[in-house]
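Residue numbers (this note's numbering): 2 to 1233.
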């Protein structure tokens, strides 16, 4: 006994063994919302992963690359909630779909699944619930209490009704970990702060209460020690006794002074609380009494997360090393442990009774015996009712209560016993029989019905037999519950519930004698017999032999019922039931042909004897059904000719089943038997199946009987859809022979499939009174010439007039041509032309007349059209041609008439008079045509004038192409004639641009000289002068100087710069000189021509300060100091004094000689030989006048000293100055 423990301890998994790094096993990275899944976040090489371990298959974890701050799995399904920052998302892993997403306005610091479809979310200030169903957003439940500020939230719990909510947090305080809780009532909307570390809600049913109570348990370790509190929250349910709250000390080992509760789970099944501490201790308490059942250390490492372990109603936890552990009540040992080790017999008794556990049987037997012997039968009954595993609910106990005599005015002890059993549980077999015996004797079947509805009785065959004596229906209920098939079916039959027999037999897999049952039912109620028979065959495999069932129907002569039954039974059309199909049809053909016809019409059956049924159908007058079954042609032909007895639509469809040859034979038989009666249906059949039977064969069939009417109707139904020429021709023939002239006209007009030549010849031979079909054919297929010849030779001029006046006036030109060919008189032709009011192509009419050299024939008609106001180009084209041929002032007509087509008339004139062609082309802007006719006839002067006036760059580009053999003579005429005549600046501009675009610089020079130099109107045009000079610079530099000197209105600075860039320095100098841009001119002499002598001469001639200044800078750069100083003085320019002084000093050649006569004590004597110093003095004197610079005055003082101008030096020093005298003295001393 000492080795027995009240708990079962099991290690389920080592997380490190499935690849989880120990650094990721902790409160911040591992979550376990239930015993189904463990979720771990880890990071490998900067890649974040979420690992999901399914505890049903822990060796195959699911690893997904997911970046998240937190991940929690749904307690029951593969749905994961992820948090990244303020974004919350819920995903269905199996469906690979996102279910919901939400962006929080606050940071979520803790969250947890509180049910299968709700997540609790805790922020710094509030608590929210977020449902996964629908589109709902998180709903705020309550605000956090200030006592939880600065706490680490470690858990969030709710009761199962979500009416009580609890936030749990911890914080370090005074060298210990303090727990804070906030309990919130949803109903009352109030919070209560509580000091505590771990807590849980549970539903617990107190002994004697009908409904469970909602209990709240929490544990705390304070300075005074540990406590476990168990209290009932909310108002107790009606009729419940309140739960007496408990406060139990929680003992912590002395070696663990800092240990405290970290988690709590409860077991409703066993009524215990599992309390886990930080140091790995497990405490198991009884909820009802608060008794500590067991305490021990189960892990050396902290268990930081727990969850209920559903399989055993225990607790599952994960510790820091990754062990997944579970602790559960050992049902086989816990009661014995409580009784023997704890010595608590009362708790052992209660727990055994409450949880139906072994280990306290002797306690129950002893208490029952003691109560029974003391006469306390009701309490003894309660003990027997609550004893575990029914150890006291035996026949012996019943007999004991039966032996006790009842007391007056009190129920018998046996009835008390049964009453207590009925209140708490269900009676077993013996108890049920014993209870019902007196009830049956008293006839109180309503009590039995009540107990059966409440499921308080264990049904058996014996109980059913007992109840059947007073109520067979109630007995049936008992037999059903007791599963006694034979008795159930017997009761169904006795109570008339035949339909339920088959259903029940299938349900319990029982096989009764169905044929016997069917005969019995048929004799009593044939209608229910039919229903029962249908039930027997409603499945694929009948429950009874169909033949035997049919025999039962025949025994009762129930033909109609048998028919209904067989129709349903044979609906699957099985081959092995073919004889029954034949039997069904045979009996109805003999007794109810219309029923048989309906059955055959539904096409339900295919396995009956078809030849036999076909003969029966013909005998019964069902020819249609007979034809459906006949296969021999002789039989078919015998029946098919009676079309008046057959449905026409059906008969047409029937022919679709026959072969081609059989169809033709049957059609022949029908026409031979009665052509007038059968013609219409023969036409319908031929129309529908002409593609299969062959149209030629059908045409031959009708022709063989000379039935042109049938042929007309047959072909009329297919001609609109047929593409065969012969069909259309035969239709025309049949229509003619049946007098259907309007249809002939229609098909001739609309059909595109007949052979026009064949139809034309046929219509000629047919000699119809109405020639309109022939006219239509000839008009459509261009046999107009033939038509005209035919009609003219047959004296049918009226038809010709009808043709051009009513049918197609557009064919007038061809008709006129044909009449001219047959030498018809001009008067008749003119009359026909004048009579036509419709539209026709005048060009074609002119062409037809022109081909025959009879143009003048049209002159009166044309002039009449013009007089009527016609603007038709063709009319005016024709008049132009006549005027040109007759030389009736054509040029005036061509220039003034706005309506003719220039291309047409121009083309007509090209061979007759090219000049007139040019006039026509120019009038219409026909550029290419005009250019071509001018080139071919050397009319370059006209072409040049046209091009200049046209002002079209694209056209110029075309004629100035290098591959144009006529370019040179054209250019000559442009230069010599066209431009000399123009006064339009735009014409000049576009022409010049065209030459530039064509890259013809030499020709452009000629052109520009002609314009600028020879033409006084454009002589002063600035752009043209610029262009002339620039073109010469590019193409002929020898002309540039001449143009510069001769022209006056060009852009001198720009031209000069371009000349310089092209190394034409003299030309640039001449431009600057001509326009007196002297500074730029001398710049050219200095920088490009590099001749300072010419520059000096030019400066002398100009005598401008700016010119002298530029010359001076050039001279000083070239070392001409004296000349430069002279030039600077003439320019009156002191700006370069630094450079002048520097260069002058570098060019000085001097010697100082000093001789000191110590004996004579003589003073310093300067003997100086200086070059250029006098010039420098002059320059510095000029510079001093312009600017009082220190440098200038210092250098002037030094220069006075160098030139031995001591008096001037003394005067200079004595006067106000800016010179640095000390610097001068130092410089002089350097040379002493």
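Cβ coordinates follow ideal geometry from the N, Cα and C atoms, glycine included.
Buried versus exposed, by CB contacts within 10 Å (16 or more), residue i
i: residue 752; result: buried
i: residue 651; result: exposed
i: residue 1096; result: buried
i: residue 555; result: exposed
i: residue 17; result: exposed
i: residue 158; result: buried
i: residue 901; result: buried
i: residue 173; result: exposed
i: residue 884; result: buried
i: residue 1092; result: exposed
i: residue 182; result: buried
i: residue 780; result: buried
i: residue 1139; result: exposed
CA nearest to the CA of residue i, picked from the options
i: residue 163; options: 185, 180, 170, 181; result: 185
i: residue 734; options: 763, 550, 758; result: 763
i: residue 941; options: 1218, 97, 975; result: 975
i: residue 1063; options: 1004, 481, 1034; result: 1034
i: residue 206; options: 154, 214, 200; result: 214
i: residue 276; options: 270, 264, 378, 268; result: 264
i: residue 684; options: 175, 514, 1177, 714; result: 714
i: residue 295; options: 282, 306, 304; result: 282
i: residue 888; options: 119, 680, 914; result: 914
i: residue 1004; options: 986, 973, 1024, 1023; result: 973
i: residue 156; options: 1209, 180, 396, 249; result: 180
Residue i vs residue j beta-carbon contact at 7 Å
i: residue 1195; j: residue 1216; result: no
i: residue 782; j: residue 757; result: yes
i: residue 823; j: residue 849; result: no
i: residue 630; j: residue 615; result: yes
i: residue 349; j: residue 336; result: yes
i: residue 329; j: residue 315; result: yes
i: residue 1083; j: residue 1099; result: yes
i: residue 596; j: residue 604; result: no
i: residue 754; j: residue 774; result: no
i: residue 25; j: residue 41; result: yes
i: residue 82; j: residue 91; result: yes
i: residue 1080; j: residue 1107; result: yes
i: residue 1235; j: residue 422; result: With the chain covering 2 to 1233 only, the question about residue 1235 has no answer from this structure.
i: residue 575; j: residue 601; result: no
i: residue 583; j: residue 609; result: yes
Boundaries of the beta strand (DSSP E) in which residue i is found, first to last residue
i: residue 251; result: 247-251
i: residue 15; result: 8-15
i: residue 159; result: 153-159
i: residue 49; result: 48-55
i: residue 233; result: 226-233
i: residue 315; result: 315-320
Range covered by the alpha helix (DSSP H) that runs through residue i
i: residue 340; result: 335-341
i: residue 1055; result: 1053-1062
i: residue 196; result: No alpha helix (DSSP H) holds residue 196; the beta strand (DSSP E) holding it covers 191-196.
i: residue 512; result: First-last for residue 512: undefined, no H or E at that position.
i: residue 373; result: 362-374
i: residue 488; result: 486-495
i: residue 1013; result: Run containing residue 1013: none; DSSP gives neither H nor E here.
Whole-number beta carbon distance between residue j and residue i, since they are thought to touch under 8 Å
i: residue 356; j: residue 272; result: 7 Å
i: residue 286; j: residue 372; result: Not confirmed; about 30 Å, so no contact.
i: residue 1177; j: residue 1193; result: The pair is not a contact, with the Cβ atoms about 11 Å apart (cut-off 8 Å).
Short CB-CB distance (under 7 Å) between residue i and chain B
i: residue 1127; result: Absent from the structure is chain B; it holds one protein chain and no more.
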